[in-house]
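Chains A and B are the protein sequences, given in the same order. Position 28 (the first sequence) corresponds to 27 in numbering that gives the first Met the number 0; numbering is contiguous. Position 212 (the second sequence) corresponds to 211 in numbering that gives the first Met the number 0; numbering is contiguous. Just so it is clear, CB atoms sit at the ideal spot from N, CA and C, and this is done for glycine as well. Keep in mind that this is a model prediction, so the values were computed, not measured. Take a look at the structure below.
Protein chains: 2
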Amino acid sequence: MKLSFNRNDLLKAINIVNKAVSSGTTMPILKCILLDASSDEIILIGNDMELSIETSVPGTVLERGRVALDARLFSEIVRKLPDSDVEINTDDRLITNIKCGKAVYNIPGQDAEDFPYPPIIEEENVLSVSQLSLKEMINQTLFSINANENNKLMTGELFEIRNNTFRIVALDGHRIALRKLELAGEYADLKAVVPGKTLSEVSKILSDELDQPVSMCFSSNQLMFEFDETKVFTRLIEGEYFHIDNMISSDYQTKVVINKKEFYECIDRASLLIREGDNKPIVFTVEDGQIELDINTTSGSMNESLEIEKEGMDIKIGFNPKFLTEPLRVIDDETISLYMINSKAPCFIKNDEGTYLYLILPVNIL
Amino acid sequence: MKLSFNRNDLLKAINIVNKAVSSGTTMPILKCILLDASSDEIILIGNDMELSIETSVPGTVLERGRVALDARLFSEIVRKLPDSDVEINTDDRLITNIKCGKAVYNIPGQDAEDFPYPPIIEEENVLSVSQLSLKEMINQTLFSINANENNKLMTGELFEIRNNTFRIVALDGHRIALRKLELAGEYADLKAVVPGKTLSEVSKILSDELDQPVSMCFSSNQLMFEFDETKVFTRLIEGEYFHIDNMISSDYQTKVVINKKEFYECIDRASLLIREGDNKPIVFTVEDGQIELDINTTSGSMNESLEIEKEGMDIKIGFNPKFLTEPLRVIDDETISLYMINSKAPCFIKNDEGTYLYLILPVNIL
Numbered sequence: 000m001k002l003s004f005n006r007n008d009l010l011k012a013i014n015i016v017n018k019a020v021s022s023g024t025t026m027p028i029l030k031c032i033l034l035d036a037s038s039d040e041i042i043l044i045g046n047d048m049e050l051s052i053e054t055s056v057p058g059t060v061l062e063r064g065r066v067a068l069d070a071r072l073f074s075e076i077v078r079k080l081p082d083s084d085v086e087i088n089t090d091d092r093l094i095t096n097i098k099c100g101k102a103v104y105n106i107p108g109q110d111a112e113d114f115p116y117p118p119i120i121e122e123e124n125v126l127s128v129s130q131l132s133l134k135e136m137i138n139q140t141l142f143s144i145n146a147n148e149n150n151k152l153m154t155g156e157l158f159e160i161r162n163n164t165f166r167i168v169a170l171d172g173h174r175i176a177l178r179k180l181e182l183a184g185e186y187a188d189l190k191a192v193v194p195g196k197t198l199s200e201v202s203k204i205l206s207d208e209l210d211q212p213v214s215m216c217f218s219s220n221q222l223m224f225e226f227d228e229t230k231v232f233t234r235l236i237e238g239e240y241f242h243i244d245n246m247i248s249s250d251y252q253t254k255v256v257i258n259k260k261e262f263y264e265c266i267d268r269a270s271l272l273i274r275e276g277d278n279k280p281i282v283f284t285v286e287d288g289q290i291e292l293d294i295n296t297t298s299g300s301m302n303e304s305l306e307i308e309k310e311g312m313d314i315k316i317g318f319n320p321k322f323l324t325e326p327l328r329v330i331d332d333e334t335i336s337l338y339m340i341n342s343k344a345p346c347f348i349k350n351d352e353g354t355y356l357y358l359i360l361p362v363n364i365l
Numbered sequence: 000m001k002l003s004f005n006r007n008d009l010l011k012a013i014n015i016v017n018k019a020v021s022s023g024t025t026m027p028i029l030k031c032i033l034l035d036a037s038s039d040e041i042i043l044i045g046n047d048m049e050l051s052i053e054t055s056v057p058g059t060v061l062e063r064g065r066v067a068l069d070a071r072l073f074s075e076i077v078r079k080l081p082d083s084d085v086e087i088n089t090d091d092r093l094i095t096n097i098k099c100g101k102a103v104y105n106i107p108g109q110d111a112e113d114f115p116y117p118p119i120i121e122e123e124n125v126l127s128v129s130q131l132s133l134k135e136m137i138n139q140t141l142f143s144i145n146a147n148e149n150n151k152l153m154t155g156e157l158f159e160i161r162n163n164t165f166r167i168v169a170l171d172g173h174r175i176a177l178r179k180l181e182l183a184g185e186y187a188d189l190k191a192v193v194p195g196k197t198l199s200e201v202s203k204i205l206s207d208e209l210d211q212p213v214s215m216c217f218s219s220n221q222l223m224f225e226f227d228e229t230k231v232f233t234r235l236i237e238g239e240y241f242h243i244d245n246m247i248s249s250d251y252q253t254k255v256v257i258n259k260k261e262f263y264e265c266i267d268r269a270s271l272l273i274r275e276g277d278n279k280p281i282v283f284t285v286e287d288g289q290i291e292l293d294i295n296t297t298s299g300s301m302n303e304s305l306e307i308e309k310e311g312m313d314i315k316i317g318f319n320p321k322f323l324t325e326p327l328r329v330i331d332d333e334t335i336s337l338y339m340i341n342s343k344a345p346c347f348i349k350n351d352e353g354t355y356l357y358l359i360l361p362v363n364i365l
């Protein structure tokens with residue numbers, strides 16, 4: 000095999016597929032990136048058996064072939080090469096020669112036969128949205144999964160199409176995060192639970208461009224994301240996802256409209272008094288025109304009041320501050336609305352358009 | 000005690016004294032920052048019993064007093080306060096009220112009586128240099144100490160005044176780093192070995208200004224650095240430092256002049272083939288007009304050649320690459336000169352002005 004690339008193109012592709020290379024595995028082949036130039040296209044693949052990423056690199060195939068190279072070593076080498084043309088040349092014993100300027104490396108390769116290729120997914124049930132939208136929808140919900148939960152469904156996010164609306168849901172037993180996107184066009188209804196780790200890696204590769212699309216291709220147990228020169232394959236989590244619609248109510252007794260940045264900073268200031276294993280709540284006292292925030296822990300106490308617009312009843316209610324700071328950090332709006340029923344019922348943060356909704360269970364403060 | 004400050008002034012002072020606060024200690028009082036407003040000046044002090052830093056903060060003493068506050072909590076609180084005036088108010092039970100805007104904290108304080116003050120050092124044997132010079136001299140030598148060595152002297156740096164020249168020396172058994180500064184004025188000869196940890200912290204606080212002085216005040220077993228509003232106190236390491244002058248020779252058989260950046264990047268590229276516990280050298284083959292660099296490890300091999308100006312004999316010599324990249328990273332010059340005698344004798348990197356010198360022992364490559 001003999002290939003030629005620009006160093007920057009190659010590095011960009013390596014950085015993408017590296018996200019699917021497992022460092023913890025005991026199988027040496029899974030620590031590799033596969034270079035596949037068995038046709039005139041050069042493809043790089045990483046695969047940790049749950050998540051698999053392939054991307055094509057611009058370059059010239061001088062001689063067809065395939066080789067698997069240790070991902071860490073290969074990416075460090077390319078990262079440190081000067082910005083120039085890189086030539087990669089693999090001999091019959093899989094010794095791979097990497098040449099750039101006057102620097103010449105020789106590293107051992109592994110047999111591409113041993114490398115697991117991603118599954119083949121039929122291109123039906125395809126959903127296409129902008130890369131930016133998907134990236135935001137993931138980042139605005141993913142913190143609400145429970146990555147360490149025994150219940151596998153809680154370690155993933157629900158991707159759902161219903162009535163031509165695309166919805167992503169994450170929950171962990173104390174809260175629900177939900178993002179909605181109206182779709183232009185007709186789509187069949189669909190439900191799939193996508194592993195959180197996959198979504199975390201995908202959101203890092205997706206671009207911030209609103210006019211660049213990503214298409215998602217669902218099979219019964221697999222999902223493929225396709226965008227730019229890249230395909231990401233992931234297995235889906237099996238099982239029936241939680242029915243959340245009956246947990247979401249639009250009733251409220253108290254509505255609070257508050258400046259998001261001030262509210263976030265105030266809760267963040269309160270949070271620093273909480274030490275690990277010390278689950279003290281932050282207590283809100285809502286009255287006309289102001290909300291008072293109080294926290295009292297073994298480290299000390301803190302009190303602050305903020306201006307609000309209030310509608311409905313006064314209320315005193317307590318929360319785990321983390322469950323508030325996480326959504327506040329990712330909501331784009333300048334002001335947000337909180338909806339509460341009583342000190343024991345879930346609180347909702349949502350906008351009028353219904354594009355986002357966060358349900359947060361309060362903490363007992365009596 | 001009742002004090003008022005600007006939040007940014009207070010935070011700046013906390014960040015300085017925090018460098019002397021021990022997080023690993025079992026003595027709670029050493030995890031504190033002392034606020035001392037027993038006169039009309041407000042002083043903050045951190046002390047880990049080896050290193051002690053005090054700095055004065057602009058502010059108003061509304062009521063004199065002293066209190067010791069948990070450093071981590073106090074600095075996190077001040078870091079998260081809005082940029083406004085901060086009022087600190089300690090009551091008889093040492094409960095300390097920190098108020099800024101509408102945010103009010105109450106945290107427990109500790110008795111200032113328990114806090115260890117830094118020693119008093121008589122202002123004799125004072126050396127004054129620019130902050131930038133001292134910072135550079137430390138950063139250009141400190142990597143050569145051996146912080147984990149049983150021989151305490153190797154964990155510090157020699158500060159020496161001789162013939163009105165200030166010299167800093169660091170060594171670890173395989174190499175020596177030396178920086179010199181000619182002093183304007185008459186100084187008594189002096190030798191002191193300063194702990195590496197102190198120097199690492201001091202270099203972080205020193206400014207990058209050439210016209211801001213730092214004065215160093217030496218006693219028999221203590222050193223005080225004084226600059227801006229800050230005093231840093233450190234104990235000295237006892238013992239007779241290594242006699243390095245007879246190890247430094249100006250003889251050579253081969254002189255190599257080379258572009259520093261190219262040389263550094265090339266060795267850095269070779270280094271990535273070295274895995275932990277794999278002490279393979281980088282081998283230089285010096286000939287007329289070029290140096291060839293080779294490395295061969297269990298990960299693979301690498302070869303590169305660079306243009307040089309050579310004077311004297313051809314030579315083949317091996318080094319631990321780290322001992323070259325560390326000085327190359329901190330030398331300011333565009334080209335550097337290497338001086339070698341044979342493949343078993345020390346190599347020197349030095350400039351004609353004699354302001355820096357690095358001695359590096361080669362590795363046996365036969």
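With a threshold of 8 Å between beta-carbons, can residue i be considered close to chain A, or not?
i, result
"residue 271/B", "yes"
"residue 325/B", "no"
"residue 268/B", "yes"
"residue 301/B", "yes"
"residue 106/B", "yes"
"residue 103/B", "yes"
"residue 127/B", "no"
"residue 51/B", "no"
So with Cβ pairs under 8 Å, would you call residue i a contact of chain B?
i, result
"residue 328/A", "no"
"residue 72/A", "yes"
"residue 66/A", "no"
"residue 75/A", "yes"
"residue 1/A", "no"
"residue 79/A", "yes"
"residue 83/A", "no"
"residue 22/A", "no"
"residue 132/A", "no"
Along chain E, which residues have their Cβ under 7 Å away from the Cβ of residue i?
i, result
"residue 189/A", "In the structure shown, chain E cannot be found, because the protein chains are A and B."
Excluding five sequence neighbours on each side, which residues of the same chain lie with their C-beta closer than 6 Å to the C-beta of residue i?
i, result
"residue 151/A", "236"
Counting along the chain, where does the alpha helix (DSSP H) carrying residue i start and finish?
i, result
"residue 147/A", "From DSSP, residue 147/A is part of no alpha helix (DSSP H); its letter is neither H nor E."
"residue 324/A", "320-329"
"residue 140/B", "Unbroken run through residue 140/B: none, as it is neither H nor E."
"residue 197/B", "195-204"
"residue 16/B", "6-16"
"residue 92/A", "Looking at the DSSP string, residue 92/A is not in any alpha helix (DSSP H), and its letter there is neither H nor E."
"residue 365/A", "Premise fails: residue 365/A is in no alpha helix (DSSP H) and is neither H nor E."
"residue 174/A", "Run containing residue 174/A: none in the alpha helix (DSSP H); it sits in the beta strand (DSSP E), 174-181."
"residue 77/B", "70-79"
To the nearest angstrom, how far is it from the Cα of residue i to the Cα of residue j?
i, j, result
"residue 8/A", "residue 36/A", "16 Å"
"residue 288/A", "residue 309/A", "6 Å"
"residue 364/A", "residue 319/A", "11 Å"
"residue 57/A", "residue 4/A", "7 Å"
"residue 362/A", "residue 108/B", "30 Å"
"residue 43/A", "residue 231/A", "12 Å"
"residue 375/B", "residue 212/B", "With chain B represented from 0 up to 365, any question about residue 375/B goes unanswered, as that position is not in the structure."
"residue 137/B", "residue 103/A", "36 Å"
"residue 30/B", "residue 110/B", "13 Å"
"residue 176/A", "residue 119/A", "32 Å"
Spatial neighbours of residue i within its chain, please: CB distance less than 7 Å, with the 5 preceding and 5 following residues excluded, ordered by chain position.
i, result
"residue 312/A", "252, 253"
Could you spell out where the beta strand (DSSP E) holding residue i opens and where it closes?
i, result
"residue 161/B", "155-161"
Query raised in the report: Between the segment 262-269 of chain A and the segment 302-321 of chain A, are three or more C-beta pairs nearer than 8 Å?
Result: Flag = yes, the segment 262-269 of chain A and the segment 302-321 of chain A touch.
Requested in this report: Check whether the segment 16-29 of chain B touches the segment 326-334 of chain A, taking contact to mean three or more Cβ pairs, one atom from each stretch, closer than 8 Å.
Outcome: With contact defined as three or more Cβ pairs closer than 8 Å, the segment 16-29 of chain B and the segment 326-334 of chain A are not in contact.
Query raised in the report: Between the segment 134-153 of chain B and the segment 65-81 of chain B, do three or more beta carbon pairs fall short of 8 Å?
Result: No contact exists between the segment 134-153 of chain B and the segment 65-81 of chain B.
Query raised in the report: Are the segment 275-283 of chain A and the segment 243-251 of chain A in contact at 8 Å, needing three or more beta carbon pairs?
Result: Taking a contact to require three or more Cβ pairs closer than 8 Å, the segment 275-283 of chain A and the segment 243-251 of chain A do not qualify as touching.
Query raised in the report: Does the segment 332-344 of chain A come within contact of the segment 206-222 of chain A, defined as at least 3 CB pairs closer than 8 Å?
Result: No, they do not touch.
Report task. Determine, using beta-carbon pairs with one atom in the segment 153-172 of chain B and one in the segment 186-203 of chain B, whether at least three such pairs fall under 8 Å. Result -> They touch, by the three-pair rule.
Query raised in the report: Just checking, does the segment 187-202 of chain B make contact with the segment 46-57 of chain B on the three C-beta pairs under 8 Å criterion?
Result: They touch, by the three-pair rule.
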